[in-house]
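Colleague:
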Amino acid sequence: MNRFLTLFIAILISFTSCKNETTTSTSVSINRGVITEKAMVVSARVEASNIGVEILKQGGNAFDAMMATEMALAVAYPYAGNLGGGGFLVYRLADGSKGALDYREKAPLASSKDMYLDKNGNIIKDKSTVGPMAVGIPGTIAGVFKAQKRFGKLDIAAILKPVIELAEKGYNITKKQEVRIAEYDSIFKAVNGKEILYNKNLKAGNTIINTSLAETLKRISNNGRDEFYKGETAKKLVTYLQSRGSIITLEDLAKYEAKWRDPISFQYDDLTITSMSPPSSGGICLNQIMTMIEPFDLKGFGHNSLKTIQVVVEAEKRAYADRSFYLGDPDFVVIPVETLISDIYLTERMQGFTYQNATSVEDISHGKIVSYESDETTHYSIVDPFGNAIAVTTTLNGGYGSKLYVEELGFFLNNEMDDFSSKPGEPNYYGLIGAEANSIAPEKRMLSSMTPTIVEKNGKFYMSVGTPGGSTIITSVLQTILNVHEFELTMQEAVNAPRFHNQWLPDEIRMEPNSFDKNLKNQLEALGYTINESRSPIIGIVDGILMLEDGTLEGGADKRGDDTAVGF
Ligand code: DON
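Just so we're on the same page, the numbering used here is the position in the sequence shown counted from 1, plus 698.
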């Protein structure tokens, strides 16, 4: 995109952010997003950002605000916010210590490697994506409670109070939600066999009240985490699931635990980047790509220039090829992490790269692919007044997950089982190829691309960033960091900038339509790259917080969604 157009969009978006601002942000400059002094929440919904900030203002910290924001997203952003899904947290405490929490869904005890294959060994269409067999054991409640219990300061009841009020009083749906709900209208009816809360011909501005979810949250508020996994809610959930033909049992729920993990940390120039470790591929792939591109003068080449795109795409290809073969749940498979992220290996991996032509995918590894789509997870970033920062990405996988809606409990269930490799070499919904490392086994976690990331500069907190986007998550986070670090864009400009993506297979560069110069695309095609602008109208919905030199915080809230930065 030419510089003038980028600037124009950035200015437009800065004004939009300014107008939407509902709390006490201190100032907004032309090319920057919302600026605040002490604390900030950036999420997919203004209601969720506001509730997170309300908790911070009550003296809560980032982990209290995490629980509030995540639950508020479950109310006001049911497309991806959830109780019936899972996610990952990467944190950096004020003292500089870092860590990660894995609350990814797990395969049910009764699951098996070939559960999505027919007797001829072919994949049964839709079985891993829609309805009861697509559902993995939800991890979200375990995750937000585990993080809050270890680091939070407030009572659960105080944290959930504004969320319960939101569910009871309702929230107004946006134009984007109206469009989305209409798109899913028929599949909601088909999967649930009846109309659900979201089948009401809803228009922007209409209020959605979710009393069932308010009741579920009240029980969780009173009884704690185990209400979801062992209590009345667990029983209602399993009764419902089994009535729909699911293999999930009370034992599955009772056995679920979120897990602390060591995140992946690496250097890129003077930045220390910390991101999610397996069972997400995010941290390893980001590390691989950034180490492969570090020797190149991207800044000299220019933002979204021919050479920059070539270098980044070729590194992405190689990382995604490794992802498909080596990565899976570390509790089940041995991943050669040290080798995969080592300088020697990655230098060797880039050896075949030349500016003269695209490296063929066969020269990198093997696989076959058909189709994919995306954009239904959600990310939020929080910085609290105590100096703690978190990056959290959470998902139901597809939009509204499996589309199964538990009416009595007021939430959708995930279709995360599709993130497993149902059959080695066959692509999943995102076109990602998997191998044995990501095959299905009871209690195993499916491989993810979610990349909640914290960046430090000179030992201090610098950025919290992440995005939805299935397989494009990793490359969207990558570009956002590069946009700030290499190309000196503001946080909001970095989020706004047009994005491209390559994932090894299919052998193409996906680009956001009407965003890249025609001449640039012609040059790439002449070098042997295939460009696909029709697959993804948008790539990612990035949210981030950047600490500026004067210690203030800049929010980058992606207007590809309804995302909003709020702070004080
Ligand atoms: O964990 C993953 O990688 C996917 N289930 C994420 C799905 C996603 O981002 C959907 N939205 N675009």
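Ideal Cβ positions, reconstructed from N, Cα and C, are used throughout, including at glycine.
Being a predicted model, the structure only gives us computed values, none of them experimental.
(1) Tell me, please, which residues DSSP counts as bridged to ILE1207.
(2) Using only the alpha-carbon positions, how far apart do LYS847 and ILE1243 sit?
(3) Counting C-beta neighbours from all protein chains within 10 Å, is the total for GLU1206 16 or more, i.e. buried, or is it exposed?
(4) Any heavy atom of the ligand DON closer than 8 Å to the CB of GLY1132?
(5) Just curious, the beta strand (DSSP E) that SER1079 is in, first and last residue?
(6) Pick from LEU858, ALA778, LEU791 and SER978: whose alpha carbon is nearest that of GLN875?
(7) Which same chain residues end up closer than 6 Å to MET765 when comparing Cβ atoms and leaving out the 5 residues on each side of it in sequence?
(8) Could you check if ILE885 is buried or exposed, using at least 16 other CB atoms within 10 Å of its CB as the buried criterion?
(9) Identify the continuous beta strand (DSSP E) that holds ALA798 and give its terminal residues.
(10) Can you tell me the Cβ-Cβ gap for PRO830 and GLY782, rounded? I've got them flagged as a contact below 8 Å.
(11) Find out if the Cβ-Cβ distance for the pair SER1169, GLN1201 is shorter than 9 Å.
(12) Does the region 1147-1158 come close enough to the region 1173-1183 that 3 or more CB-CB pairs lie under 8 Å?
(13) Since I believe GLY834 is in contact with GLU803 (beta carbons under 8 Å), could you give me their beta-carbon distance rounded to a whole number of angstroms?
(14) Quick one, are the C-beta atoms of PRO1034 and SER975 less than 9 Å apart?
(15) Does the beta carbon of ASP1098 fall short of 8 Å from some heavy atom of the ligand DON?
(16) Taking 8 Å as the cut-off, is the CB of MET1148 close to at least one heavy atom of the ligand DON?
(17) Quick check: the Cα distance between THR1093 and LEU951, rounded to an integer number of angstroms?
(18) Look up GLY785 in the DSSP assignment and give the residues it is bridged to.
(19) Alpha carbon to alpha carbon, how far is GLU745 from MET769? Give it in angstroms, no decimals.
(20) Is GLU1036 close to the ligand DON? I mean its beta-carbon at under 8 Å from any heavy atom of the ligand.
(21) Closest to TYR1128 by CA distance: which of TYR1018, ASN1217, GLY1226 and THR1178 is it?
(22) Using 8 Å as the Cβ pair cut-off and three pairs as the minimum, do the region 976-983 and the region 1136-1154 touch?
(23) Enumerated in chain order, which unbroken segments of the beta strand (DSSP E) with a length of 3 residues or greater are wholly contained in the region 945-977?
(24) Quick one: Cα of GLU1106 to Cα of SER910, how far?
(25) I'd like to confirm the pairing. Which residues does DSSP put opposite LYS1158 in its beta bridges?
(26) DSSP three-state label for ALA1263, please.
(27) Below 8 Å, how does it come out for the region 814-821 and the region 927-940: are there three or more Cβ pairs, yes or no?
(28) Tell me whether VAL726 is buried or exposed, calling it buried when 16 or more other Cβ atoms sit within 10 Å of its Cβ.
(29) Helix, strand or coil, according to DSSP, for MET738 in the structure here?
(30) Can you tell me which of LYS736, ARG730 and ALA805 puts its alpha carbon nearest to the alpha carbon of THR1250?
(31) Helix, strand or coil: how does DSSP classify ALA1017 here?
(32) Evaluate VAL1032 with the Cβ neighbour count: other Cβ atoms within 10 Å of its Cβ, from every protein chain shown; 16 or more gives buried, anything less gives exposed.
(33) What are the boundary residues of the alpha helix (DSSP H) that includes GLY980?
(34) I want to check one thing, is the minimum distance from the CB of TYR1128 to the heavy atoms of the ligand DON below 8 Å?
(35) Can you pull the DSSP bridge partners for ARG1143?
(36) Got a sec, what are the start and stop residues for the beta strand (DSSP E) ALA1255 sits in?
Modeller: In this structure, then:
(1) The count along the sequence shown starts at 1 and reaches residue 1207 at position 509. Looking at the DSSP assignment, ILE1207 forms a beta bridge with ILE1229.
(2) The count along the sequence shown starts at 1 and reaches residue 847 at position 149. The count along the sequence shown starts at 1 and reaches residue 1243 at position 545. So the alpha carbons of these two residues sit roughly 25 Å apart.
(3) Taking the first residue of the sequence shown as position 1, residue 1206 is located at position 508. With at least 16 other beta carbons inside 10 angstroms of its own, GLU1206 counts as buried.
(4) As a first step, residue 1132 is located in the sequence shown; it is residue number 434 there, counting from the start. The answer is no for GLY1132.
(5) Position 381 of the sequence shown, counting from 1, holds the residue named residue 1079. Element bounds for SER1079: 1075-1081.
(6) What you label residue 875 is simply residue 177 of the sequence shown in a count that begins at 1. Closest by alpha carbon: ALA778.
(7) In the sequence shown, counting from the first residue as 1, residue 765 sits at position 67. Hits under 6 Å: VAL842, GLN846 and ILE857.
(8) If you number the sequence shown from 1, residue 885 lands on position 187. Around the Cβ of ILE885, a 10 Å sphere holds fewer than 16 other Cβ atoms; the residue is exposed.
(9) Within the sequence shown, the letter at position 100 stands for residue 798. Taken as a continuous stretch (DSSP letters only), the beta strand (DSSP E) holding ALA798 covers 796-801.
(10) By 1-based counting over the sequence shown, the position of residue 830 is 132. By 1-based counting over the sequence shown, the position of residue 782 is 84. At roughly 12 Å, the Cβ-Cβ gap does not stay under 8 Å, so PRO830 and GLY782 are not in contact.
(11) On the sequence shown, residue 1169 is found 471 positions in, with the first residue counted as 1. On the sequence shown, residue 1201 is found 503 positions in, with the first residue counted as 1. Taking 9 Å as the Cβ cut-off, SER1169 and GLN1201 qualify as a contacting pair.
(12) yes
(13) Residue numbering aside, residue 803 sits at position 105 when the sequence shown is read from its first letter. Residue numbering aside, residue 834 sits at position 136 when the sequence shown is read from its first letter. The Cβ separation is near 3 Å, so the contact holds.
(14) Here residue 1034 refers to the residue found at position 336 when the sequence shown is read from its first residue. Here residue 975 refers to the residue found at position 277 when the sequence shown is read from its first residue. No, these two residues do not count as a Cβ contact at 9 Å.
(15) Mapped onto the sequence shown, residue 1098 falls at position 400. Sequence check: residue 1098 is Tyr here, not Asp. No; taking the cut-off as 8 Å, the Cβ of TYR1098 has no heavy atom of the ligand DON nearer than that.
(16) Walking along the sequence shown from the start, residue 1148 turns up at place 450. It does: the Cβ of MET1148 is within 8 Å (strictly closer) of some heavy atom of the ligand DON.
(17) Along the sequence shown, read from residue 1 onward, the residue named residue 1093 stands at position 395. Along the sequence shown, read from residue 1 onward, the residue named residue 951 stands at position 253. The straight-line gap from Cα to Cα measures roughly 18 Å.
(18) The residue labelled residue 785 in the question sits at position 87 within the sequence shown. DSSP, once it has assigned bridges, lists TYR801 and THR1092 as partnering GLY785.
(19) The count along the sequence shown starts at 1 and reaches residue 769 at position 71. The count along the sequence shown starts at 1 and reaches residue 745 at position 47. Going by the C-alpha atoms only, they are around 11 Å apart.
(20) Position 338 of the sequence shown, counting from 1, holds the residue named residue 1036. No; taking the cut-off as 8 Å, the Cβ of GLU1036 has no heavy atom of the ligand DON nearer than that.
(21) Translated into positions along the sequence shown, residue 1128 becomes position 430. Among TYR1018, ASN1217, GLY1226 and THR1178, the Cα nearest to that of TYR1128 belongs to TYR1018.
(22) Yes: the two stretches touch, three or more of their Cβ pairs being nearer than 8 Å.
(23) 957-959, 962-966 and 969-973
(24) As a working note, residue 1106 is residue 408 in the sequence shown. As a working note, residue 910 is residue 212 in the sequence shown. In a straight line, the C-alpha of GLU1106 is about 6 Å away from that of SER910.
(25) Reading the sequence shown from its first residue, position 460 is the one you call residue 1158. Answer is LYS1155, bridged to LYS1158.
(26) The residue given as residue 1263 occupies position 565 in the sequence shown. ALA1263: strand per DSSP, three-state reduction.
(27) no
(28) Here the question's residue 726 lines up with position 28 in the sequence shown. Unreliable placement is indicated for VAL726, whose pLDDT of 42 sits below 50; no coordinate value is reported for it.
(29) Here residue 738 is taken as the residue at index 40 of the sequence shown, counted from 1. Looking at MET738 - three-state DSSP - the assignment turns out to be strand.
(30) Stepping through the sequence shown from its first residue, residue 1250 is reached at position 552. Selected option, being the one with the closest Cα: LYS736.
(31) Indexing the sequence shown from 1 puts residue 1017 at position 319. Three-state result, ALA1017: helix.
(32) Taking the first residue of the sequence shown as 1, we reach residue 1032 at position 334. Exposed, since its Cβ has fewer than 16 Cβ neighbours within 10 Å.
(33) Translated into the one-based positions of the sequence shown, residue 980 becomes position 282. Element bounds for GLY980: 980-991.
(34) The count along the sequence shown starts at 1 and reaches residue 1128 at position 430. True, at least one ligand heavy atom lies under 8 Å from that Cβ.
(35) Counted from its first residue, the sequence shown places residue 1143 at position 445. Answer by DSSP bridge pairing, in chain order: LYS804.
(36) Counting from one through the sequence shown, the residue named residue 1255 turns up at place 557. ALA1255 -> beta strand (DSSP E) spans 1251-1255.
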